[in-house]
Each structure stands twice: as structure tokens, then as C-alpha cells.
Amino acid sequence: FHKKRYWQIFIYDNFIFFVILPHQKRLKIFYSMARKVVHNSGQAQLFKNKYVEMLTKTNPLVIWGFYIPVLSYVLYRANVSIGLEVSTIAMLFFAGMLYWTFFEYIAHRFLFHWISDNLKVKKVAYVLHGNHHEYPRDRQRLFMPLVPSIILATVLFSFHYLFLWDYNWAFFPGFMIGYLLYASMHYAIHAFEPPFDFMKPLWRNHQMHHYRNEHLGFGVSNTVWDKVFKTTFDLKKHKEDPDAAKALKFD
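Under the numbering used here, the first residue of the sequence shown carries the number 691, and numbering increases by one thereafter.
As C-alpha cells, this is what we get:
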């Protein structure tokens with residue numbers, strides 16, 4: 691969008707809209723409309739290169755199978771090489787898991803749903819998360835693929851090490867397990883109905899994030915931070931739609 695324009699053409703569901711609004715309002719309307727385009731089959735093409743495109747897809751078992759041995763070794767090193775007591779390791783590990791829930795909320799709200807008129811920023815946001823809203827049934831992109839996840843995990847480990855030093859050898863595995871549980875919960879929400887009644891609010895929160903309002907309900911593994919930052923759904927205003935929720939499930 692060009693900042694000097696006072697009109698914009700939107701194409702949505704084969705209809706053409708001419709909108710005469712200030713720049714920022716046009717941008718918000720475009721994103722609101724674009725997010726309503728949902729494909730119930732297929733996948734987004736993120737890159738033209740087929741080999742790079744292949745690296746954007748994965749299977750949950752690959753990610754779990756890689757990280758469990760690695761994280762086990764990191765915890766072993768924390769105890770044997772670093773010399774941390776088992777009780778200290780346990781405390782730091784669970785602190786890392788709790789910290790992940792906050793990181794999950796912040797990343798989902800401010801990074802994955804980053805609205806910008808910069809084309810490069812929009813591309814990054816779409817690759818990271820926007821494609822999931824457009825293709826919610828794409829089961830191959832619910833976990834971060836192995837190569838990008840290794841790079842990001844290395845960067846995050848190094849960042850946290852600056853503050854925690856050797857304690858990070860016990861803290862970071864908990865953080866990563868938090869991520870694995872989050873990604874698994876996300877996968878489960880798109881795969882089947884909640885197995886227990888107490889899990890229904892989690893399912894509803896994420897499903898309504900898809901079909902009601904993507905600027906609410908950012909928590910996937912929990913709804914604690916949505917409640918803290920007041921981004922929960924008001925069920926009096928936002929009615930559940932069983933058909934829309936069902937459309938988010940894998941075939």
C-alpha cells in the first residue's frame with residue numbers, strides 16, 4: 691500500500707471493493723478480509739525453490755525424535771559436567787516450562803500476528819504463521835521444521851545463556867519441552883475433539899481465534915496469559931460455531 695493513496699482496491703471472494711479510508715484503516719481492513727480466506731485443503735507455497743519448500747514441512751515424530759535425546763543430554767550435562775544438583779535442575783526445568791507459556795503468548799500475539807505495510811515483514815509473518823490461518827488443515831506445518839528449529843533453538847539458547855549462565859543448561863530443556871507440548875497441543879486441537887472436559891476451553895479458545903477474531907485467544911497450551919492481558923473471548927459476544935470449528939480439523 692502506498693501511503694499517499696486515499697483509495698484502495700480489495701479483491702475478496704471474487705468481489706472487488708473500492709475503499710476510501712486513511713492508510714492505517716485500509717491496512718487493517720485488508721488484513722481482516724484476507725484472513726477470512728480459508729482453504730480447507732492443500733498447502734500454501736512459501737518458496738519457489740522445491741528444496742527450500744521441502745524444509746518448511748515436517749512430522750511431529752521427527753521433531754520429538756530429535757529433541758528428546760538432545761535435551762536429555764543437555765540435562766545430563768547440567769548435572770554431571772556443570773555440577774547442578776538434581777533438585778536445582780528440576781526447579782529450573784519447570785521454571786523453563788512456565789516461562790515458555792509467556793513466550794508463547796508474546797510470540798503469537800506480537801510476532802506471528804505482526805501487522806505491517808512493509809512487504810518483507812508481511813512475507814515473514816505469512817511464512818511463520820499466516821499460512822496456517824489460510825490453510826488450517828495443513829498438518830505438515832504445525833511444528834517448526836527441523837532445520838529452522840535447530841537454528842532458532844541455538845539462538846534462543848545463546849540469548850538465555852547471557853542471563854542465566856550455566857543454569858541455562860537446566861532451564862532451556864524445560865523451555866523446549868514447553869514448546870514441544872505447545873506444538874503437540876496445537877496439533878491435537880486440529881486433529882480431534884478434546885479428550886477431557888477440562889480441555890474444552892483450550893480447544894474453544896484456539897478454534898475461535900481462527901474463525902471469530904485472530905486478535906484474541908492467543909494462548910494454545912493455556913489461557914492464563916489471555917486472561918492476564920484481557921484477550922479472552924467474551925462468549926456473550928462471540929458465539930461458538932461448531933461447523934466452523936469442524937472445518938479446522940484434519941481430513
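Note that CB positions come from ideal geometry on N, CA and C, so glycine has one too. Every value quoted in this text rests on a predicted model; they were computed, and no experiment measured them.
If the five residues before and after V914 are omitted, its C-beta is found closer than 8 Å to the C-beta atoms of T791, all from its own chain and listed in chain order. The three-state secondary structure of I840, taken from DSSP, is helix. A straight line joining the alpha-carbon of F862 with that of H850 spans about 8 Å. In this structure, K747 sits near Q830, with a CB-CB distance shorter than 8 Å. Taken atom to atom, the span from the alpha-carbon of I840 to that of P891 is near 32 Å. Non-local beta-carbon contacts of F737 in its own chain, meaning distances under 6 Å to residues more than five positions away in sequence, involve E743 in chain order. Annotation note: the stretch 838 to 895 contains the following uninterrupted alpha helix (DSSP H) runs of length 4 or greater, listed N- to C-terminal: 858 to 881. Distance from the CA of H819 to the CA of S806, rounded to the nearest whole angstrom, comes to 14 Å. The beta strand (DSSP E) runs of length 3 or more contained entirely in the stretch 735 to 812 do not exist; there are none. A768 is the residue among F882, A768, E794 and L906 whose C-alpha sits nearest the C-alpha of L782.
Straight-line spacing of the CA atoms in H900 and H823 works out to 7 Å. The residue from Q733, P835, K936 and H729 with its alpha-carbon nearest to that of P884 is K936. Around the C-beta of P932, fewer than 16 other C-beta atoms lie within 10 Å, and the residue is accordingly described as exposed.
Between the stretch 792 to 800 and the stretch 914 to 923 there are three or more inter-stretch CB-CB distances shorter than 8 Å, so the stretches are counted as touching. N912 sits in coil when the DSSP states are folded into three classes, being neither helix nor strand. In this structure, M889 keeps its C-beta atom at 8 Å or more from the C-beta atom of F923. Of the other Cβ atoms in all chains shown, 16 or more fall within 10 Å of the Cβ of H803; this residue is therefore buried. For W754, the closest C-alpha among the options Y789, Q735, Y872 and S731 is that of Y872. Of the candidates G907, V776, E930 and V764, the residue whose Cα lies closest to the Cα of T921 is G907. Here H905 carries a coil assignment [DSSP, helix/strand/coil].
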